[in-house]
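**Student:** Once you've had a glance at the structure underneath, I'll fire off some questions.
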């Protein structure tokens, strides 16, 4: 599947000198961050967390064939959410392994010698400000947004963060973006309508992802262990490209089904409490 988006490249050098940087050492992302520094950060975090996914726990990857022929940019991954950081870190491991041609595995971690830097993820700004570790993780490509419906664990109502859509659009021009359309780690939470608007406005290639096991293995932040020897499942589904014939509501319902967040009948009481 191909993307309609031209691949954007940025450099600290003026355009007429950018060709001299054939190693990409002075290349930057749309937000002014050095890709060289970003690769180092992803590599360090990758080496530090690698054993969490392969020694302490087991990572099971399915549907990797859906990633192998994707373009370098214009791809939006929509996934259910179970921890703040472990989910995203596992995606970065997988994206980098695919770049190196690995098949459904992140063993061995040779890909961390030159990880994929054109990757981004959408995160709540309050989460990324909560301590030095989140701030370091933020350097790996966080697109911070102000949630209009929740803040500091409380339900709120405030103006929509209009800058969020611009950030995601710029990131899609440059690479791949991971978004969690429920906006929370709570299971079976409703899909935010902003996801539908995001898809219609940007026309990305959408890859649904279903993850499981992270909530059992890690705490809510994904930094501490809860249960070891857990199977961490990441399943990529076939990519799709929507057109203008779909409504926001139809896209929201499609996302809910594809990331398998329909409430089971035995838990139907949850709908009555929404």
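Residue numbers (full-length UniProt numbering): 1 to 274. Using N, Cα and C, we set each Cβ at its ideal position, and we do this for glycine too.
(1) Quick one: grab the DSSP three-state call for residue 5.
(2) Using DSSP's beta-bridge definition, name the partner residues of residue 79.
(3) Counting beta carbon pairs with one atom in the stretch 58-66 and one in the stretch 230-249, are three or more of them shorter than 8 Å?
(4) How big is the Cα-Cα spacing for residue 164 and residue 144?
(5) For the candidate residues 93, 205, 189, 116, whose alpha-carbon lies nearest to that of residue 260?
(6) With distance defined between alpha-carbon atoms, name the residue in 180, 105, 68, 74 nearest to residue 82.
(7) Can you list, in chain order, the residues of its chain whose CB lies under 8 Å from that of residue 28, leaving out five sequence neighbours each side?
(8) What three-state label does DSSP hand residue 225 in the structure shown?
(9) Within 8 Å, do at least three Cβ pairs link the stretch 103-118 to the stretch 240-247?
(10) Whole angstroms is fine: what's the gap from residue 4's alpha carbon to residue 223's?
(11) How close, in whole Å, do the beta carbons of residue 123 and residue 39 come, if the pair is a contact with beta carbons under 8 Å?
(12) In chain order, what are the residue ranges of uninterrupted beta strand (DSSP E) at least 3 long that sit wholly in the stretch 71-134?
(13) Exposed or buried, residue 171, counting other C-beta atoms within 10 Å across all chains shown (16 or more means buried)?
(14) If you check the beta carbons only, do residue 67 and residue 98 fall under 8 Å apart?
**Tutor:** Concretely, from the data shown:
(1) coil
(2) 209
(3) yes
(4) 7 Å
(5) 189
(6) 180
(7) 10, 11, 12, 34, 35
(8) strand
(9) no
(10) 38 Å
(11) Contact doesn't hold; Cβ gap of about 20 Å is too wide.
(12) 75-79, 119-124
(13) buried
(14) yes
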